[in-house]
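Structure first, commentary second.
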Amino acid sequence: MNALIDKVFKFFHRFSKLVKLIDNKTTMKYVVRSVLGALLISLLIILLPALAMINMFIYTKHTFIISIFLVILIMGWSFIYYYFYYRLLKNYHPSIREINTKIPQLTESVFVAIFFLVLGIVVLSVVF
Amino acid sequence: MLQFIKQYRKLLIILIFPYIYLLFVLVAPTEQAVIAPGGLTEVSEVITIEGYDMVDNFNTIFVYSYYPITPFQSWVLATDRTMDIYPMTDRQKDMSKKDEYLQGQLSKYVSFKTAIIKAYELASLEKPEIIINYHYEGLYVYYRPNRLTELEIGDQIISINGNNYSDYTHNEFIVLANVDNASFLIKRSVGDTFEYLTVNYEKGIDEPSMFFYPNNVIDTASPAFEFPGLDSIVGGPSGGLLQTLSIYVSLVKLNIGDLKITGTGTMDMNGQVGRIGGITQKMYTAIYNNADIFFIPESHFSEIPNLDYPYELVRIETVEQAVQWLNERFN
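As you go down the protein sequences, you meet chains B and X in turn.
Here numbering that gives the first Met the number 0 is used: position 6 in the first sequence is 5, and no number is missing along the way.
Here numbering that gives the first Met the number 0 is used: position 31 in the second sequence is 30, and no number is missing along the way.
See below:
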């Protein structure tokens, strides 16, 4: 148990160090551009499958399962968003290409995905 | 960002056309509508009667109606025989979503009132202590062309070209209303008060005709009743028959065991059971919900699809026939 807690602490320590390192090497201007760019690209990617699922709500017998798929899709969106965010950030700041962005990318994606999961559970339990 | 786009320029150019095409297929409206199976609503949840336990056997059926559907939905649903795709009617094309909702709520309210009146009248034949008094008070506007912004769905028409409702029966008054030119005196409910206004109507070329519902006002009723179902978003008139039967059975305390009874059909003040939309979808909904008995308007019987339904199908033309069938079966 202690070993596991130690691992988690070490992981988050590494994560926060990497985030600080990236923050130090990036400017607000390009962070904003990366955020907007990543939002645009990820929304364009997710738009078609999301619309297809929304269209399928016409199958009223399956609305619950379609809603679950929609929540999973929105959770998946966070991974796509952070992937493109760091991709664009590396384009704007070649100096961070050497930094391991996989850890902040996946950690932040997981946080946002968990947030959407909780939100999805709350909304689904209210609606159904 | 531009650098990123340049990096994948070829791929983006290749993908942009199918992307736009798919987007179009998923969002563009067609001129088609669809009726899909829905669910059951227990009548005991929407109508309550003071001093009586409403039986929980009777269920009205609601179906979903969507329009306009997208090309994607049209393709997917074309292979599904539980759905009915049809070209949108002129009235549907002319109506907003708000109009559609208001129509559903209005027709539900009229259906509830008609069900109460008919059920009380039928039950009073067996239990004279059951009393209902009502009077006719003109028409409700159910459909009006969208261009007539001064007229709202749910407005009450109390006079047509100077002819007051009090001098006519409903059948006579509706003949006066179904003309190409008319001046309507409108009574509109605004909060706790009413406002009166005159609206001149002239039917446009190729325009759908206006559509009305009777406004019967219940003066006194014993036992008293309430309509908690008015708060629900489910609307429409097709539950009239089942609502009437449920109230009647509850008032005369007919024991029908634990059978799940459902069905469809509108009710008018003469007890005639009228036609409804989406009979196939309603039959499928009853199958999905394990109904035991299904009341169907006689006029729909020849239209029922070729499907294995596990329930007993009862064909009726009037509410009196349905009541007689229940009494013969369960008394």
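No residue lacks a Cβ here, since even glycine has one placed at the ideal position from N, Cα and C.
By DSSP's criteria, M266 (chain X) is part of a beta bridge. Which residues make up the other side? The partner list for M266 (chain X) (beta bridge, DSSP) reads X:V272.
field: the segment 57–82 of chain B: positions lying closer than 8 Å to chain X by Cβ
entry: Under the 8 Å Cβ criterion, the segment 57–82 of chain B contributes I57, Y58, T59, K60.
ask   = What does L76 (chain X) reach in chain B if we use C-beta pairs closer than 9 Å?
value = Those are I57, Y58, listed as they occur along chain B.
Tell me whether the beta-carbon of V45 (chain X) lies closer than 8 Å to the beta-carbon of G228 (chain X).
Yes.
Note to self: Just verifying my parser: in three-state terms, what is the DSSP assignment at D291 (chain X)?
What the structure shows: Residue state, collapsed to three classes: coil.
8 Å Cβ cutoff met for P103 (chain B) and F14 (chain B): The answer is yes: Cβ separation under 8 Å.
Closest Cβ-Cβ distance between F172 (chain X) and chain B: below 8 Å?
-> Among the CB atoms of chain B, none fall inside 8 Å of the CB of F172 (chain X).
**Prompt:** Is R128 (chain B) close to chain X, meaning its C-beta is less than 8 Å from at least one C-beta of that chain?
**Reply:** Here chain B covers residues 0 to 127 and nothing more, so residue 128 (chain B) does not appear.
Measure from the alpha carbon of T265 (chain X) to the alpha carbon of each residue in X:E201, X:L240, X:I131, then state which is nearest. When only C-alpha atoms are compared, the closest one is X:L240.
Inset, instruction - For R314 (chain X), name the three-state secondary structure that DSSP assigns. - result: Note: R314 (chain X) maps to strand in three-state DSSP.
Note to self: Checking the sheet assignment: what are the DSSP bridge partners for Y142 (chain X)?
What the structure shows: Looking at the DSSP output, Y142 (chain X) shares a beta bridge with X:F210.
Report task. Would you mind stating whether M74 (chain B) and F115 (chain B) have Cβ atoms separated by less than 8 Å? Result -> With contacts defined as CB atoms closer than 8 Å, M74 (chain B) and F115 (chain B) qualify as a contacting pair.
For E206 (chain X), which residues of its own chain have a beta-carbon under 7 Å away from its beta-carbon, when the five flanking residues on both sides are left out? Same-chain partners within the cutoff: P144.
Reference I113 (chain B), options B:L72, B:I98, B:F127, B:V126, closest by Cα | Selected option, being the one with the closest Cα: B:L72.
From what residue to what residue does the alpha helix (DSSP H) around F61 (chain X) run?
Counting along the chain, no alpha helix (DSSP H) covers F61 (chain X); the unbroken beta strand (DSSP E) around it starts and ends at 57–65.
Indicate whether G234 (chain X) and Q323 (chain X) have their beta-carbon atoms separated by less than 8 Å.
No; because the gap between Cβ atoms is not below 8 Å, this pair is not in contact.
For a contact meaning CB atoms closer than 8 Å, what does V26 (chain X) contact in chain B?
Contact of V26 (chain X) with chain B by beta-carbon distance below 8 Å involves L50.
* Contact with chain X by L42 (chain B), beta-carbon distance below 8 Å -> Closer than 8 Å to the CB of L42 (chain B) there is not a single CB belonging to chain X.
**Message:** Rounded to whole angstroms, what is the Cα-Cα separation between R328 (chain X) and V178 (chain X)?
**Reply:** If you draw a straight line from the Cα of R328 (chain X) to the Cα of V178 (chain X), it comes to about 46 Å.
Alpha helix (DSSP H) segment containing E171 (chain X), residue limits: From DSSP, the alpha helix (DSSP H) with E171 (chain X) extends over 169–176.
Range of the contiguous beta strand (DSSP E) that encloses E120 (chain X): No beta strand (DSSP E) contains E120 (chain X), which is instead part of the alpha helix (DSSP H) from 96–123.
Simplified DSSP state of N180 (chain X), which is helix, strand or coil: The answer is strand: DSSP assigns N180 (chain X) an E or B state.
ask   = In the structure shown, what three-state DSSP assignment does E97 (chain B) receive?
value = The answer is helix: DSSP assigns E97 (chain B) an H, G or I state.
- Query: Roughly how far, in whole angstroms, is the beta-carbon of Q31 (chain X) from the beta-carbon of S73 (chain X), given that I think they are within contact range, below 8 Å?
  - Reply: 6 Å between Cβ atoms; contact.
Checklist entry - Hey, would you say L87 (chain B) sits closer than 8 Å to F16 (chain X), going by beta carbons? => result No, these two residues do not count as a Cβ contact at 8 Å.
### Task
Examine the Cβ distances between the segment 18–27 of chain B and the segment 37–47 of chain B and report whether three or more of them are shorter than 8 Å.
At 8 Å Cβ cutoff, the stretches do not touch.
Run down chain X in chain order and give the residues with a C-beta less than 8 Å from the C-beta of L47 (chain B).
The contacting residues are Y18, L21, L22, L25.
query = Using a C-beta to C-beta distance shorter than 7 Å, which residues of chain B count as neighbours of Q2 (chain X)?
reply = Correct list: N90.
- What first and last residue would you give for the beta strand (DSSP E) that runs through G239 (chain X)? Membership of G239 (chain X) in any beta strand (DSSP E) is not indicated; the residue belongs instead to the alpha helix (DSSP H) covering 239–251.
Exercise. Please list, in chain order, all residues of the same chain as A290 (chain X) whose beta carbon is under 6 Å from its beta carbon, the five residues on each side excluded.
Key: Cβ within range, chain order: K259, T261, Y310.
- Which of helix, strand or coil DSSP assigns to I67 (chain B): Shown here, I67 (chain B) sits in a helix according to DSSP, grouped into three states.
Any idea what DSSP makes of V45 (chain X), helix, strand or coil? Three-state DSSP puts V45 (chain X) in a helix.
Self-check item: Residues within the segment 25–54 of chain X neighbouring chain B, beta-carbon criterion of under 9 Å
Solution: Taking 9 Å as the Cβ-Cβ cut-off against chain B, the residues of the segment 25–54 of chain X that qualify are L25, V26, V33, A35, P36, G37, G38.
**Q.** Interface positions of the segment 180–199 of chain X facing chain B (Cβ-Cβ less than 8 Å), listed along the chain
**A.** Residues passing the 8 Å Cβ filter: none.
| said: Which residue marks the beginning of the beta strand (DSSP E) containing N199 (chain X), and which one marks its end? | reply: Residues 192–201.
query = Comparing the C-beta of Q72 (chain X) with each C-beta of chain B, is any distance below 8 Å?
reply = Output row for Q72 (chain X): interface = yes.
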